[in-house]
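In what follows, a structure is listed as structure tokens, so that the remarks can point back to it.
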Amino acid sequence: MKRLFTILLLASIVAFTPACSRQPIKALIISGQNNHNWQVSHPVLQKILNNSALFEADIALTPAAGEDMSTFRPNFSDYDVVVLDYNGDRWPTETDTAFLEYVQAGGGVVIYHAADNAFAQWEEFNKIIALGGWENRDEKAGPYYYLVDGKPTLDYSAGPGGSHGSEREYPMHCRKADHPITKGLPDNWMHARDEMYDRMRGPANIKDLLYSGYADSTKGGSGREEPLVFTVDYGKARIFHLMLGHCGPTADNNPAMQCAGFQTLLLRGTEWAATGKVTQPVPKDFPTAEKPSYRLDYKAPAE
Ligand code: ZN
Numbered sequence: 685m686k687r688l689f690t691i692l693l694l695a696s697i698v699a700f701t702p703a704c705s706r707q708p709i710k711a712l713i714i715s716g717q718n719n720h721n722w723q724v725s726h727p728v729l730q731k732i733l734n735n736s737a738l739f740e741a742d743i744a745l746t747p748a749a750g751e752d753m754s755t756f757r758p759n760f761s762d763y764d765v766v767v768l769d770y771n772g773d774r775w776p777t778e779t780d781t782a783f784l785e786y787v788q789a790g791g792g793v794v795i796y797h798a799a800d801n802a803f804a805q806w807e808e809f810n811k812i813i814a815l816g817g818w819e820n821r822d823e824k825a826g827p828y829y830y831l832v833d834g835k836p837t838l839d840y841s842a843g844p845g846g847s848h849g850s851e852r853e854y855p856m857h858c859r860k861a862d863h864p865i866t867k868g869l870p871d872n873w874m875h876a877r878d879e880m881y882d883r884m885r886g887p888a889n890i891k892d893l894l895y896s897g898y899a900d901s902t903k904g905g906s907g908r909e910e911p912l913v914f915t916v917d918y919g920k921a922r923i924f925h926l927m928l929g930h931c932g933p934t935a936d937n938n939p940a941m942q943c944a945g946f947q948t949l950l951l952r953g954t955e956w957a958a959t960g961k962v963t964q965p966v967p968k969d970f971p972t973a974e975k976p977s978y979r980l981d982y983k984a985p986a987e
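For the sequence shown, the residue numbers in the working numbering are 685 to 987.
Structure (structure tokens):
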């Protein structure tokens, strides 16, 4: 009898262990060079992840631009997911190789905002991001990818890759509501003031397009329905590409990253990239179709 009681007691402890006491997902944020304000963005990314209690995020910073890169040797295999907030000098060959081995072995990767500007000449990296921009990308990088009447369209016409109109609030349009990352979230919601990347080019090996947005030509955009959030078809890897989140001058003046929609996608996409699942409920402060919503302190409200 006593033995049965012990078993039941153990079973109930397992069953009622709260989510926050689970082993955190180990994430590595890579930063240190960017044409963006990486000094602000990388601690903000870390804060969003760690505040959720789902993740334990470390940071690996590269040496400064032009400095000797040979010491930059993060141990990717220690992590469930690598979050790229990096757009700068090429890594040492050993690090490139270690990164590819990590990704090709089924590693999780999050491509955040200008990380898709990086490494225009690195062919394999371009397959990992599917679409990239700037850094002299043109038709040689691959086609433009956009939606015509809701259908993905590849456009091989000549021209530069990567641009954006003026920063503004804009509606996000869900393109796959049954993906773990989008499940339960509204089909249309208002993103806070941000850039909207457009005219991106690349191998365009998008697996699931999750969100698009209309790049209004009266605001300097392409006049097309542009892919903004998607997963990438790259072997066993789980790759989440989040073009949103242009970083402001300070953590307190950073609307695109303070957006509850951005933070929700970062958290859900990072969990999915790490594990293939999303265990997070739909947050009660998620933006509506009409109104953006902010988490000024980078923390979700208590349930
Ligand atoms: Zn930007």
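By construction, the Cβ of each residue, glycine as well, lies at the ideal position given by its N, Cα and C atoms.
Treat the numbers as computed from the prediction; the structure is a model and nothing was measured.
Check	Outcome
Limits of the beta strand (DSSP E) - the one that PRO855 falls within	852-858
Close-in-space but distant-in-sequence residues of the same chain around ALA699 (CB under 6 Å, 5 per side omitted)	Because the pLDDT at ALA699 is just 46, under 50, the model does not fix this residue reliably, and the value given afterwards should be weighed accordingly. No residues qualify anywhere along the chain.
Beta bridge counterpart(s) of VAL1000 as assigned by DSSP	Outside the displayed range of the chain (685 to 987) lies residue 1000, so it cannot be described from this structure.
Contact set for GLY817: own chain, Cβ-Cβ below 8 Å, skip 5 residues either direction	ASP800, ASN801, GLY845, GLY846, SER847, TYR881, ARG883, MET884 and ARG885
Secondary structure of LYS824, DSSP reduced to three states	helix
Residues bridged to GLY897 (per DSSP)	GLU910
Contact test: GLU1018 Cβ vs ligand 1 heavy atom, cutoff 7 Å	Nothing in the structure corresponds to residue 1018, since the chain is present only between 685 and 987.
Three CB pairs or more closer than 8 Å across the stretch 724-743 and the stretch 705-713	yes
Contact between the stretch 905-922 and the stretch 930-945 (3+ Cβ pairs under 8 Å)	no
Residues sharing a beta bridge with ASP742, DSSP	LEU712
Reduced DSSP category for THR837 - H, G, I as helix; E, B as strand; rest coil	strand
C-beta contact flag for TYR854 and GLY792 at 8 Å	no
Residue interval of the beta strand (DSSP E) (run including ASP800)	Counting along the chain, ASP800 falls outside any beta strand (DSSP E), and DSSP gives it neither H nor E.
Inter-residue spacing [alpha-carbon to alpha-carbon] between LEU893 and VAL766	21 Å
Same chain, Cβ closer than 8 Å to LYS903, five either side skipped, listed in chain order	GLY849, SER850 and ARG852
Buried or exposed (CB count within 10 angstroms, at least 16 for buried), MET685	Only weak support exists for where MET685 lies, its pLDDT of 46 falling under 50; the coordinates are left without a value.
TYR980 classed as buried or exposed, judged by whether at least 16 other C-beta atoms fall within 10 angstroms	At residue 980 the sequence reads Leu, which differs from the Tyr that was named. Label assigned to LEU980: exposed.
PRO985 - DSSP class collapsed to helix/strand/coil	coil
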